[in-house]
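In what follows, a single structure is set out as structure tokens and then discussed.
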Amino acid sequence: MKTNVTIKDVAKLAGVSISTVSRVINDSKPVTDEVKQRVLEVIKETGYVPNPLARSLVTKKSKLIGVIVPEVSDSFVNEILNGIEAVAKMYDYDILLVNTYSDKEQELDSIRLLKTKQVEGIVMLSWILDEDHVNFMKESRIPAVYISKTARDYDIYTVSTSNEKATYDMTKYLIECNHKDISLIMTSKEDTILEIERRKGYEAALKDNNISVRDELIKYGNTDYEGGYNSMKELIDEKIIPSAVFVTGDEAAVGAINAIFDSGYSVPEDISVAGFNDTKLAKIYRPKLTTVYQPLFDMGAVSIRALIKIINGEPVEEKKIELPYQIMERESVTKK
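For the sequence shown, counting from 1, position 179 maps to 179 in UniProt numbering; every step adds exactly one.
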């Protein structure tokens, strides 16, 4: 049997024109059942595989979706990617993944690259999304859905959780565990909607329980281990020893825990620690991390499902989709 079978070979063996084979493959125009069956039998016998690029020129669909991520090794990103890939397979889409290392220019270059690859849409994960990203995507005329802590600053399709209420509920939970000196370590210094909402939730929970807001208990770091470690170390070096610390990222929360241990204190006996996201790290680290569960797999699944609807011209009920969260009680928080 001939290897590298072409559409021309299939047409010759089936005794039809190349355009007829194309119609059968792409289901673009009607052909008789007899001809269709003959073409399909030849395809099966020869093992012919249609050229995806040639097929996309006929159907006007590449069946490709681009996914831009800031750090492919990040556990937050991993779990979202699992959701994206699962739904992509269900709808017969392939994923083109681009890792940008949180570099803005690489993010913009990634949009350009994916456009040349003829993707039908893009799911974009970015730690800090700004106007340049949004405007460039719109100018590229590529449908997009965003997952980013700054995405809700813009009139775009986004998937997230209710950060203000989640932060309120975790702070309230710590108060119910009889903690009053509660520090908040936020994983961004940017004055975004997300950070404003999280600080509002924290402050509202304190005020509703007649606890004063103390600015010295609020620190700003990064989403990574080092950011949490350094922020916690700053508190301890300043002789500020809270009874509980709420860190708005699990990896940063683990960094805070190690800073506490390295400073001669214990968790949760001296200082309780809570995180945010409920990544796999929260379950395998010791002590197991009390945290806010975000449905990361679902965030990925919902984002690509919304994107496919946009691509197909179907209605998307909400432009800013918020998914439910849950407080996960584990070992890193104790009652006073």
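Just so it is clear, CB atoms sit at the ideal spot from N, CA and C, and this is done for glycine as well. On a predicted model such as this, the values are computed, not experimentally measured, just so you know.
Within its chain, find whatever has a CB closer than 6 angstroms to the CB of residue i; leave out the 5 residues flanking it on each side and keep chain order.
i       : result
Gly-249 : Thr-187, Thr-223, Phe-276
Glu-308 : Reading the sequence as shown, one finds Ile at residue 308 and not Glu. For Ile-308, where only same-chain residues beyond five positions count, the Cβ hits under 6 angstroms are Tyr-91.
Ser-231 : Ile-185, Lys-219, Gly-221
Ala-259 : Tyr-229, Met-232, Lys-233
Ile-7   : Ile-18, Val-21
Phe-297 : Glu-79, Asn-82, Gly-83
Asp-181 : Pro-242, Ser-243
Which residues in the same chain as residue i place their Cβ atom closer than 7 angstroms to its Cβ, once the five residues preceding and following it in sequence are excluded?
i       : result
Lys-61  : Glu-120
Gly-300 : Ile-80, Leu-81, Asn-82, Gly-83, Ile-84
Met-1   : Any reading at Met-1 must be qualified, since the residue scores a pLDDT of 45, below 50, and its modelled position is unreliable; the value itself is stated next. Cβ within range, chain order: Thr-46.
Gln-106 : Thr-100
Tyr-265 : Ile-271
Lys-200 : Glu-164
Asn-178 : Lys-335, Lys-336
Select from the options the residue whose C-alpha is nearest the C-alpha of residue i.
i       : options                            : result
Lys-207 : Lys-44, Thr-171, Met-328           : Thr-171
Asp-155 : Arg-286, Leu-40, Tyr-325, Lys-320  : Lys-320
Met-328 : Arg-112, Glu-34, Leu-97, Asp-169   : Asp-169
His-133 : Ile-142, Ser-148, Leu-125, Leu-108 : Leu-108
Leu-174 : Trp-127, Thr-291, Glu-139          : Thr-291
Val-10  : Val-39, Tyr-202, Thr-32, Val-35    : Val-39
Lys-280 : Ser-73, Ile-241, Gly-227, Thr-334  : Ser-73
Trp-127 : Leu-194, Ile-111, Ala-205, Val-302 : Leu-194
Glu-216 : Ile-25, Thr-32, Ile-240, Tyr-225   : Ile-240
Helix, strand or coil, according to DSSP, for residue i in the structure here?
i           : result
Leu-289     : coil
Lys-8       : helix
residue 337 : Beyond the ends of the chain as shown, which are 1 and 336, falls residue 337; an answer cannot be given.
residue 338 : Only positions 1 to 336 of the chain appear in this structure, which leaves residue 338 out of reach.
Met-1       : With a pLDDT of only 45 at Met-1, under the threshold of 50, the placement of this residue in the model should not be trusted, and no figure is reported.
Gly-66      : strand
Tyr-220     : strand
Asp-94      : strand
Thr-32      : coil
Lys-172     : helix
Val-72      : coil
Met-328     : strand
Val-16      : coil
Glu-269     : coil
Could you tell me whether the Cβ atoms of residue i and residue j are closer together than 8 angstroms?
i       : j       : result
Arg-214 : Thr-167 : no
Ser-183 : Lys-336 : no
Val-247 : Ser-332 : no
Val-254 : Tyr-285 : yes
Ile-68  : Thr-100 : yes
Pro-143 : Ile-311 : yes
Ser-110 : Leu-125 : no
Ala-252 : Val-245 : no
If we ignore side chains and look at the alpha-carbon of each, how far apart do residue i and residue j end up?
i       : j       : result
Ile-236 : Ser-263 : 8 angstroms
Gly-221 : Arg-23  : 58 angstroms
Leu-323 : Ala-86  : 18 angstroms
Thr-161 : Glu-314 : 23 angstroms
Leu-113 : Val-77  : 21 angstroms
Ile-43  : Gln-37  : 10 angstroms
Glu-269 : Pro-287 : 11 angstroms
Ser-140 : Ile-122 : 11 angstroms
Can you give me the Cβ contacts of residue i inside the same chain, cut-off strictly under 8 angstroms, excluding the 5 residues immediately before and after it?
i       : result
Ala-88  : Ile-65, Asp-94, Ile-95, Ile-304
Ala-306 : Val-145, Tyr-157, Val-159, Val-316, Ile-321
Asp-130 : Lys-104, Thr-150
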